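Note that my numbering gives residue 26 to position 26 of the sequence shown, counting from 1, and the numbers run on in steps of one.
Glycine included, every Cβ here is placed at the ideal spot set by N, Cα and C.
From a predicted model like this one, the values you see are computed outputs, not experimental measurements.
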Amino acid sequence: MASRMKCPVFRITGLPALQPNDELKATLAAAIDDNLSEDEKPKLRINAAIVPSCYDNEQERVALVEFHGGTRGCQN
């Protein structure tokens, strides 16, 4: 079995808990896509998971975002 290469994971906090996870993922994906250059879009694949906040899971969600194919220049 081939080992899987680890990719950078970023944590995004402050997402509203009242919004459904599918909507949060779609909004987050659109925001990331809007900020990618045309050169970056075909190179990067993004995987996001929405999880409860460790601090206030009643009001806030957190996104864990994994970038496959590298990271944006400003995130290195």
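Valine 65 sits buried, since 16 or more C-beta atoms from the chains shown fall within 10 Å of its C-beta. Under DSSP, alanine 63 takes part in a beta bridge, and its partners are Ile12 and Ile50. At least 8 Å separates the beta-carbon of isoleucine 50 from that of phenylalanine 67. If you ignore the 5 residues before and after leucine 18, its C-beta comes within less than 6 Å of no other C-beta in its own chain.
Under the Cβ criterion (8 Å, minimum of three pairs), the segment 23-41 does not count as touching the segment 51-58.
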